[in-house]
Amino acid sequence: MKYLPLLAGALSMLASCTDNFQEYNTNQHEATEEMLSWDNLKIGGFFPQMQRDIVPAGDELANDYQRAQNLAGDIYSGYMGAIGVWNSGSNNTTYNLAFGDWNDVAFNVAFTKVMPAWKQITTLVKDEENSITYALAQVLKVAAMHRVTDNYGPLPYLKFGHGGITTPYDSQEVIYQSFFTDLDEAIAIMGDFVQKSPTARPLKKFDLVYGGDFSKWLKFANSLKLRLAVRMAYVAPDLAKKYAEEAVASGVILANSDNALLKSGNGISIFNPLKKCWDDYSDCRMGANMESFLTGYKDERLSKFFRESSLADGGFHGVRNGVYIFSKDSYLPLSTPNIETTTPIQWMCAAEVCFLRAEGAIRGWNMGATAQELYEQGVRTSFEQWNANPGEYLNDKESMPAAFIDKVASASILAGDKRLSTITIAWNDKDAFELQLERILTQKWIAMFPDGQEAWTEYRRTGYPKVFPVAVNNSGNTIDTDLQIRRITFPKTEYNNNEAEVRNAVTLLGGADTGGTKLWWDKKAR
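Residue numbers (our numbering): 7 to 532.
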């Protein structure tokens with residue numbers, strides 16, 4: 007990979023951060039002078055840059071978001087259905103991954119925006135590796151880059167910024183090992199900081215997630231460690247158990263008040279780009295799976311997630327992925343996401359953490375409570391987050407996902423079809439492991455909305471919930487329709503600029519550079 011200089015905007019942001027040094031350096035908390043030092047202030051502007059690009063956020067970044075997430079994880083997870091007419095319907099949505107440059111975007115955002123900002127921060131504090139500033143940079147790096155490696159697999163990661171024209175790739179296994187090393191280091195620093203200075207907010211003016219509250223960042227770091235530990239359950243179960251138990255013991259997100267949400271603040275406006283995708287671009291609508299699960303379960307969160315369609319019969323109606331769309335006009339009346347420009351961008355919620363722990367519990371890990379307790383807590387927490395009433399939801403032993411009746415094309419999934427889930431809601435301790443896992447993952451999938459990237463990753467890892475396969479597969483037999491897409495192919499720019507190393511990356515991948523090759527952690531037999 008050829009390194010690009012930091013964007014001019016980031017540099018101007020850095021300069022503006024230092025204009026009011028005396029004001030910012032007034033210590034009204036318990037932080038030491040070093041914590042509010044000149045270097046910390048000088049690098050402060052790089053934190054909003056990193057945070058805004060973990061999930062590309064902002065009106066001007068909507069096109070990045072659309073190609074990096076909305077036309078990848080959002081649709082592959084079943085959350086959304088794409089209704090654009092790109093290349094006469096032969097594009098990523100129907101598994102033609104050779105079309106356009108969509109597959110370059112997530113990679114380019116990571117390596118021209120996130121990683122340069124991280125490099126600047128860690129270079130400026132290279133003699134202060136125990137600083138809270140350094141710790142936060144490490145956590146943000148992992149928060150961003152685990153999403154990228156979970157798209158592609160191997161990445162030119164560990165040698166980033168070491169000089170040279172090209173950069174060697176690392177295997178996903180090695181990258182994950184580095185994530186735990188970085189998180190453990192950051193967790194130790196944050197834990198010490200919170201113990202010594204619990205009310206200090208040295209980066210308050212630059213933090214768009216927690217306002218500089220490191221007690222919350224510590225919970226997020228542990229929760230991120232838990233997420234990545236569970237990710238390894240099928241490839242490194244002993245390590246997965248070890249890291250998961252450490253994370254829970256150290257303290258994870260338990261309440262919605264600690265949810266990791268990117269939002270406007272400190273004079274910086276955050277615009278949720280999903281609004282532009284469904285409204286200005288009119289390129290996506292509710293996914294068929296969302297209709298199936300939420301209507302079948304009579305789930306009150308449905309009206310919180312989506313708007314009713316403008317079809318003559320009203321109701322909530324979605325679109326099946328992977329259908330040929332030659333004109334979007336007939337799809338426009340279908341249900342749209344209930345997302346506005348001011349809706350915060352969700353990185354992680356308390357309900358997800360409950361379901362991660364519930365899965366750990368059915369695997370025999372010490373998660374601090376029983377699987378049933380954590381499962382039911384996850385459902386209640388999600389309903390609370392969306393101001394919905396669960397009523398007797400958790401006692402429902404009968405309701406199952408509904409058949410999907412396509413209102414536009416001939417792509418229905420009818421009752422009795424093996425592709426339609428039959429999982430119910432109420433917990434049953436007597437169920438076999440796979441049924442319990444499907445129940446946990448189905449509710450987790452609902453609760454993580456609208457983060458389609460994480461939902462797609464968990465579907466690939468576990469096979470749950472049952473996501474409808476594409477109606478049309480244009481992969482040229484490189485992606486199995488039933489197994490569905492497993493990854494995004496390496497960027498075309500890497501073949502142009504870093505050819506030898508990207509070809510080595512294919513060797514590290516362990517299969518062809520196609521959407522059908524499984525990633526390192528994708529080891530469940532099915």
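Ideal Cβ positions, reconstructed from N, Cα and C, are used throughout, including at glycine.
Compare the beta carbon distance of residue i and residue j with 8 angstroms and say whether it is the shorter of the two.
i    : j    : result
Q183 : W526 : no
L77  : W108 : yes
R207 : D219 : yes
T347 : F322 : no
N6   : G257 : This structure cannot speak to residue 6, because the chain is shown only from 7 to 532.
S388 : Y303 : no
V329 : A408 : no
I274 : A63  : no
E464 : L447 : yes
Could you check if residue i belongs to the surroundings of the ligand ADP, using beta carbon to heavy atom distance under 7 angstroms?
i    : result
N434 : Of the ligands one can find in the structure shown there are none, so the ligand ADP has no counterpart to examine.
Please report the straight-line C-alpha distance between residue i and residue j, rounded to a whole angstrom.
i    : j    : result
V91  : F332 : 6 angstroms
P204 : T513 : 47 angstroms
T187 : Y337 : 47 angstroms
L481 : I452 : Per the sequence shown, residue 481 should be read as Ser rather than Leu. Their Cα atoms are separated by approximately 28 angstroms.
T520 : Y158 : 10 angstroms
L42  : Y140 : At L42, the pLDDT of 43 sits below 50, so the modelled position is not reliable; the number obtained from the coordinates is stated separately. Roughly 13 angstroms separates the two Cα atoms.
G397 : R307 : 12 angstroms
D402 : L443 : 18 angstroms
K543 : R369 : Residue 543 cannot be examined here, being either before or after the span of the chain that is shown, 7 to 532.
M86  : W462 : 11 angstroms
T38  : I60  : Reliability of the predicted coordinates at T38 is poor, the pLDDT of 47 falling under 50, and no value is obtained from them.
A112 : F496 : 10 angstroms
D264 : N483 : 44 angstroms
K530 : Y240 : 6 angstroms
Q383 : G106 : 43 angstroms
R237 : E191 : 20 angstroms
G422 : L317 : 27 angstroms
S288 : T100 : 18 angstroms
A242 : Q201 : 33 angstroms
E500 : S137 : 35 angstroms
W223 : I193 : 9 angstroms
N393 : K282 : 25 angstroms
D70  : M151 : 16 angstroms
M121 : H168 : 12 angstroms
Based on the DSSP output, what are the partners of residue i in its beta bridges?
i    : result
P343 : F312
A266 : M354
V254 : Beta-bridge pairing links V254 to no other residue.
C290 : A88
F410 : I419
L161 : D176
I259 : Beta-bridge pairing links I259 to no other residue.
V325 : G293
I49  : For I49, which the question treats as bridged, DSSP gives no partner whatsoever.
A271 : Checking the sequence shown, residue 271 turns out to be Gly, not Ala. DSSP, once it has assigned bridges, lists I274 as partnering G271.
Please work out which residues of its chain come closer than 6 angstroms, Cβ to Cβ, to residue i, disregarding the five sequence neighbours upstream and downstream, and give them in chain order.
i    : result
Q126 : F52
Q459 : Q75, G79, R153
G217 : K210
T349 : N278
G366 : A250, M373
W433 : Q378, Y381
Y82  : W462, I491
For residue i, which residues of its own chain have a beta-carbon under 7 angstroms away from its beta-carbon, when the five flanking residues on both sides are left out?
i    : result
D528 : R466, R467, R492
R313 : S341, T342, N344
D457 : Q352
F455 : Y85, F311
A143 : W124, I127, T128
A261 : A356
R425 : I419, K472, F474, P475
I181 : T155, L161, Y163
L400 : E382, V385, I431, A432
K165 : T173, P174
Using a Cβ cut-off of 8 angstroms (strictly closer), state whether residue i contacts chain C.
i    : result
L267 : Here chain C cannot be found, since the structure has a single protein chain.
Please check the pair residue i and residue j, which I expect to be a contact at CB under 8 angstroms, by giving their CB distance rounded to whole angstroms.
i    : j    : result
Q57  : L189 : Contact doesn't hold; Cβ gap of about 17 angstroms is too wide.
G271 : L214 : 5 angstroms
E358 : K450 : 6 angstroms
M354 : I259 : 7 angstroms
N327 : A88  : 7 angstroms
G320 : M292 : Not a contact, Cβ separation roughly 14 angstroms.
Short of 8 angstroms in beta carbon distance, which residues of its chain neighbour residue i, apart from the five on each side in sequence? Order them along the chain.
i    : result
Y175 : P160, L161, P162, Y163, E507, V508, N510, A511, L514
D45  : Any reading at D45 needs caution, since the residue's pLDDT is 41, under 50, leaving its predicted position unreliable; the model's value is listed next. Around D45: L130, V131, E134, T139.
D286 : A68
V254 : N228, L232, R363, G366, N372, M373, G374
G517 : T523, K524
A438 : none
T376 : A367
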